[in-house]
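A.B. asks: Mind looking over this structure? Questions follow.
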Amino acid sequence: MALSELAGGFADALTVTNLLFALIGVVLGTAVGVLPGIGPAMTVALLLPVTYSLEPTSAFIMFAGIYYGGMYGGSTTSILLNTPGESSSIMTALEGNKMAKSGRGAAALATAAIGSFVAGTIATLLLALVAPTVVDLAIGITPADYFALAVLAFVAVATVLGSSPLRGLASLGVGLYLGLVGTDVLTGQERFTLGIPQLSDGIDVVVVAVALFAVGEALYVASRLRRGPVQVMQASGRYLTRSDLRRSVGPWLRGTAFGFPLGALPAGGAEIPTFLSYATERKLTKHPEEFGKGAIEGVAGPEAANNAAAAGVLVPLLTLGLPTSATAAIILAAFQGYGIQPGPTLLTTESSLVWTLIASLLIGNLMLLVLNLPLAGVWVKLLRIPRPYLYAGILMFASLGSYAVNADPLDLVLLLVIGLLGFAMRRFGWPVAPAVIGLILGPVAETNLRRALAIGDGDLGVLVDTWFSRVLLVLALLALVVPIVLRAVRGRRATPEELQEGSGLRHREPAAATHEGRGEQ
Amino acid sequence: MSTAAGAGPAAGNAGEDAGRHADGPDPAGPHAAGPQGRNTGELALTVLLLALGLYLVLDAANIAVPGSSNTLGPRFFPYLIGGVVIATALALGVRVLRGDRGPADESEDVDLTAGTDWRAVGVVAVAFLAHALLINVIGWPLAVTLMFAAVAWALGARGIVRPLLAGGITSIVVWIVFVKALNVALPGGTLLELATEWL
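Protein chains in written order, with this note's numbering: chain A, 1190 to 1710; chain B, 2 to 200.
Right, dumping it as structure tokens:
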């Protein structure tokens, strides 16, 4: 059944206009994603205005391209630029960077590109297969179940992904507050609007996302700009040799196996699967001496895991309306912008749109494979953009995107205020993603909580009425408590760099302090 | 060139400090961190978070509750979030006071060992605020050009002509693409709107 629907999606996506939209999407997504300092979430947020005037189908075809393109672009940056970048491509950077340094940049880019393609294709097909089943299961869930699901997503995103659980919770709290501002859906009462009429409609997710990611990042970079010439590695050497290919296939498939299921969990995201994939490849390799000096397995595995996780994140998003990464939250906002509410009914009410989206993901993935390697030279040029102009340009597009939502300068002032908050959060290691997810998921959680309690006549017991909600709430509790206990018992976790050196679990060194709170080994 | 170098270089060692605390039995947290005054910034942010929590809880009492039979009104969730925020802020505050430090975010163009350039942050923020207030007066392209040039200058671009030229050309091209081709509403300013009327 899923296959015939997918075929229908292909029929819709394979028109000349829609292919053109997909192409524009992947090229824009990759180009913006390649730019240093711009991760996948910021890519999607900054390019949202491009789709404002399009009809939903074209917009989502383009979005599919932007989403996967942004992922591809990020890995190119991390291989060719000798500086740490966004968290999901850090593992790729470890070995990829060394490969580029020793003149095998082209092979690193090739294994990343083909690995992304393989993982993206398998994971997207899995998404197509799994989604209808999840929807069938989800159709019977009660508001209490949904509330429990949201709570689990909150706790997981805040405590598992960030650098420290408390800072994740702090960020989540800020997001939940921002989500409260506006008019209460159920009673029509204004809350926390400070008497400002524009705030009664609530704070736009796009404004918050662009503020936290783009404006916050620009301010943060301004405060500590890396001076001196930009070091960009050459994409030199041969593409894949026969032995490179032989060594890459296993990591690609194993990376996909880590990425898709972990991405689909409520604590989705690419950090943990890429970390696990790297550790696994390091253990399984027949060339342990190359790890730390540019082992191709260390690029192939994490890169595949990264892209498979990106597809996995779409499972809870499309079937439950549950965003589990900042990027997914922005895509959800885009859906809402078209008056579409993702949730268990999405696959039935917007069936053709969803299947066209999934088909476009597969098409975009193929386009990326074909385009990426020949265009490597262009990406290298993009990496050399003088930084003053790059960040001035990012702010220009931040202004464009936020102003275009409501044509109200107040949104730009709000953008700056929240941007300053994003700057402070970056400075003190508060993760930004939980705030975005809290903002978009907070109102959903509240509505479902109140519905559940209205059904149960105010009895709190209704929240743990089903096994589903009980299990989820227990998991949420574990996600809250376990990191604290582990921290007390075992001390800090291994950093990616220590894993690269093979030193296993040890206390962290200052340079890589960001990566605490990552996958447990 | 007045850069507030005080906070910057120290923050690069932030993780080191926290690492030591995890390692050793030395409980000298506040004393070790105190003299350098390095985590006052995060403490301030945490106090701000506490204030947010208090605001949520106090202001929630002012939300009008319609006299319906609804068991859970519009006040409950704000109270819940306010409580969580207050608890988080207190716990985090204790941790920060004891010397725990968040690892500053890494990014491609960020040099964690560099001092904090507050002047650049100030120029960027003020330029952005100014452009927000100017958009409806002089149009998006011009306002954004000025912002672009100021930001580029603050980040170390040389000269005045090149940043202005780069910002001007980019903003006009972007404006034409988004307004004329994609129908996004964006004031162009009188001059540009007249000049592109034929499009």
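Virtual Cβ for every residue (Gly too), placed ideally from N, Cα, C.
Just to confirm the assignment: which complete alpha helix (DSSP H) runs, minimum length 4, are found wholly within the segment 1513-1547 of chain A?
C.D. replies: For the segment 1513-1547 of chain A, whole alpha helix (DSSP H) runs of length 4 or above, ordered along the chain, are 1515-1526 and 1535-1538.
A.B. asks: Under 7 Å Cβ-Cβ, which residues of chain A neighbour Gly-160/B?
C.D. replies: Position 159 of the second sequence, counted from the first residue, corresponds to residue 160/B. Those within 7 Å of Gly-160/B in chain A number zero; the least Cβ separation is about 11 Å.
A.B. asks: With DSSP collapsed to three states, give me the class of Gly-1618/A.
C.D. replies: By one-based count along the first sequence, residue 1618/A stands at place 429. DSSP places Gly-1618/A in coil when its eight states are reduced to three.
A.B. asks: Counting only C-beta atoms, is Gly-1708/A closer than 9 Å to chain B at any point?
C.D. replies: Your numbering for residue 1708/A matches position 519 in the first sequence. Because the pLDDT of Gly-1708/A is 36, which lies under 50, any placement of that residue in the model is unreliable, and the number read from its coordinates should be weighed accordingly. Taking Cβ atoms only, chain B never reaches closer than 9 Å to Gly-1708/A, which makes this a no.
A.B. asks: Can you name the residues that DSSP bridges to Arg-1471/A?
C.D. replies: As a working mapping, residue 1471/A is identified with position 282 in the first sequence. In DSSP, Arg-1471/A forms no bridge with anything.
A.B. asks: Does the Cβ of Lys-1287/A have 16 or more other Cβ atoms within 10 Å, making it buried, or fewer, making it exposed?
C.D. replies: Against the first sequence, residue 1287/A aligns to sequence position 98. Buried, since its Cβ has 16 or more Cβ neighbours within 10 Å.
A.B. asks: How should Trp-176/B be labelled, buried or exposed, when 16 other C-beta atoms within 10 angstroms of its C-beta is the threshold for buried?
C.D. replies: The count along the second sequence starts at 1 and reaches residue 176/B at position 175. Result: buried.
A.B. asks: Do Leu-1338/A and the ligand PLP come close, with the Cβ less than 8 Å from some heavy atom?
C.D. replies: Questions concerning the ligand PLP fall outside what the structure shown contains, since it holds no ligand whatsoever.
A.B. asks: With DSSP as the reference, please indicate the residues paired to Glu-1379/A in a beta bridge.
C.D. replies: Start at 1 with the first residue of the first sequence, and residue 1379/A comes out as number 190. DSSP lists Thr-1372/A as partners of Glu-1379/A.
A.B. asks: Between Ile-170/B and chain A, is there a C-beta pair that is closer than 9 Å?
C.D. replies: Here residue 170/B refers to the residue found at position 169 when the second sequence is read from its first residue. It does not: the Cβ of Ile-170/B has no partner Cβ on chain A nearer than 9 Å.
A.B. asks: Is the shortest distance between the beta-carbon of Leu-1605/A and the beta-carbons of chain B less than 9 Å?
C.D. replies: Counted from its first residue, the first sequence places residue 1605/A at position 416. Closer than 9 Å: yes.
A.B. asks: Using the beta-carbon of each residue, which ones in chain A are nearer than 7 Å to Glu-43/B?
C.D. replies: Walking along the second sequence from the start, residue 43/B turns up at place 42. Result: Phe-1617.
A.B. asks: With 8 Å as the limit, tell me which residues of the segment 1406-1420 of chain A have their beta carbon closer than that to any beta carbon of chain B; keep them in chain order.
C.D. replies: So the list reads Glu-1406, Ala-1407, Leu-1408, Tyr-1409, Val-1410, Ala-1411, Ser-1412, Arg-1413, Leu-1414, Arg-1415 and Arg-1416, given in the order they occur along the chain.
A.B. asks: Any beta-carbon of chain A closer than 9 Å to the one on Arg-96/B?
C.D. replies: Translated into positions along the second sequence, residue 96/B becomes position 95. Yes, because at least one Cβ of chain A sits closer than 9 Å to the Cβ of Arg-96/B.
A.B. asks: Closer than 7 Å between beta carbons: that is the criterion. Which residues of the segment 1579-1591 of chain A meet it against chain B?
C.D. replies: Within the segment 1579-1591 of chain A, the residues whose Cβ lies closer than 7 Å to some Cβ of chain B are Tyr-1580, Ala-1581, Gly-1582, Leu-1584, Met-1585, Ser-1588 and Leu-1589, listed in chain order.
A.B. asks: Under three-state DSSP, which class holds Leu-1414/A?
C.D. replies: For the purposes of this step, residue 1414/A is taken as the residue at position 225 of the first sequence. Strand at Leu-1414/A.
A.B. asks: How would you label Ala-182/B, buried or exposed, when you count the other beta carbons within 10 angstroms and need 16 or more for buried?
C.D. replies: Counted from its first residue, the second sequence places residue 182/B at position 181. That one is exposed.
A.B. asks: Compute the Euclidean distance between the alpha carbons of Asp-118/B and Ser-1412/A, then round it to the nearest angstrom.
C.D. replies: Taking the first residue of the second sequence as 1, we reach residue 118/B at position 117. Taking the first residue of the first sequence as 1, we reach residue 1412/A at position 223. Rounded to whole angstroms, Asp-118/B to Ser-1412/A spans 5 Å at the Cα level.
A.B. asks: If you measure from the beta carbon of Ala-1522/A to each beta carbon in chain B, is any gap under 9 Å?
C.D. replies: Here residue 1522/A is taken as the residue at index 333 of the first sequence, counted from 1. Judged by the 9 Å Cβ criterion, Ala-1522/A is not in contact with chain B.
A.B. asks: Does the count of Cβ pairs from the segment 120-127 of chain B and the segment 81-94 of chain B closer than 8 Å reach three?
C.D. replies: Short answer: they don't touch.
A.B. asks: Look at the alpha carbon of Ala-158/B and the alpha carbon of Pro-142/B, and state the distance between them as a whole number of angstroms.
C.D. replies: Mapped onto the second sequence, residue 158/B falls at position 157. Mapped onto the second sequence, residue 142/B falls at position 141. Rounded to the nearest angstrom, the two C-alpha atoms are 20 Å apart.
A.B. asks: I'd like to know whether the C-beta atoms of Ile-1529/A and Ala-1234/A end up nearer to each other than 9 Å.
C.D. replies: Walking along the first sequence from the start, residue 1529/A turns up at place 340. Walking along the first sequence from the start, residue 1234/A turns up at place 45. For Ile-1529/A and Ala-1234/A, no; Cβs fall outside 9 Å.
A.B. asks: Chain B partners of Pro-1238/A, CB-CB under 9 Å?
C.D. replies: Along the first sequence, one-based indexing puts residue 1238/A at 49. Per Cβ cutoff of 9 Å: Phe-179, Leu-183 and Val-185.
A.B. asks: In three-state DSSP terms, what is Leu-98/B?
C.D. replies: Here residue 98/B refers to the residue found at position 97 when the second sequence is read from its first residue. Reduced to three states, the DSSP call for Leu-98/B is helix.
A.B. asks: Suppose only complete runs of 4+ residues qualify. What are the alpha helix (DSSP H) ranges in the segment 155-183 of chain B, listed by chain order?
C.D. replies: Correct list: 162-176.
A.B. asks: Kindly indicate if chain B contains any beta-carbon less than 9 Å away from that of Gly-1377/A.
C.D. replies: Within the first sequence, numbered from 1, the residue matching residue 1377/A stands at position 188. Yes, contact with chain B.
A.B. asks: Would Glu-109/B pass as an interface residue toward chain A - the criterion being a Cβ-Cβ separation below 9 Å?
C.D. replies: On the second sequence, residue 109/B is found 108 positions in, with the first residue counted as 1. Closer than 9 Å: yes.
A.B. asks: Return the CA-CA distance between Gly-1452/A and Leu-1550/A, expressed in angstroms with no decimal places.
C.D. replies: Taking the first sequence and counting its residues from 1, the one referred to as residue 1452/A is at position 263. Taking the first sequence and counting its residues from 1, the one referred to as residue 1550/A is at position 361. Computed Cα separation, rounded: 16 Å.
A.B. asks: Helix, strand or coil for Leu-1270/A per DSSP?
C.D. replies: As a position in the first sequence, residue 1270/A is number 81, starting the count at 1. Here Leu-1270/A sits in strand by DSSP.
A.B. asks: What do you get for His-132/B, buried or exposed, if any count of 16 or more other CB atoms within 10 angstroms of its CB means buried?
C.D. replies: Taking the second sequence and counting its residues from 1, one reaches residue 132/B at position 131. Counting Cβ neighbours within 10 Å, His-132/B comes out buried, since at least 16 surround it.
A.B. asks: Specify the secondary structure class of Val-1660/A as computed by DSSP and reduced to three states.
C.D. replies: Looking up residue 1660/A in the first sequence gives position 471. The answer is helix: DSSP assigns Val-1660/A an H, G or I state.
A.B. asks: Count the other CB atoms, across all protein chains shown, that sit within 10 Å of the CB of Trp-1619/A; report buried if there are 16 or more and exposed otherwise.
C.D. replies: For this step, residue 1619/A is matched to residue 430 along the first sequence. Counting Cβ neighbours within 10 Å, Trp-1619/A comes out buried, since at least 16 surround it.
A.B. asks: Give the C-beta separation of Val-180/B and Gly-189/B to the nearest angstrom, bearing in mind that I take them to be a contact with Cβ-Cβ under 8 Å.
C.D. replies: Position 179 of the second sequence, counted from the first residue, corresponds to residue 180/B. Position 188 of the second sequence, counted from the first residue, corresponds to residue 189/B. The Cβ separation is near 6 Å, so the contact holds.
A.B. asks: From the beta carbon of Leu-46/B, is the nearest beta carbon of chain A less than 9 Å away?
C.D. replies: Here residue 46/B corresponds to residue number 45 of the second sequence, with the count starting at 1. By this cut-off, Leu-46/B is an interface position.
A.B. asks: State buried or exposed for Glu-1478/A, treating a residue as buried only when at least 16 other CB atoms are found within 10 Å of its CB.
C.D. replies: In the first sequence, the residue the question calls residue 1478/A occupies position 289. By the 10 Å Cβ count, Glu-1478/A comes out exposed.
A.B. asks: Note down the Cα distance separating Ser-1514/A from Leu-1338/A, rounded to an integer number of angstroms.
C.D. replies: For the purposes of this step, residue 1514/A is identified with residue 325 of the first sequence, where counting begins at 1. For the purposes of this step, residue 1338/A is identified with residue 149 of the first sequence, where counting begins at 1. Straight-line Cα distance between these residues: approximately 15 Å.
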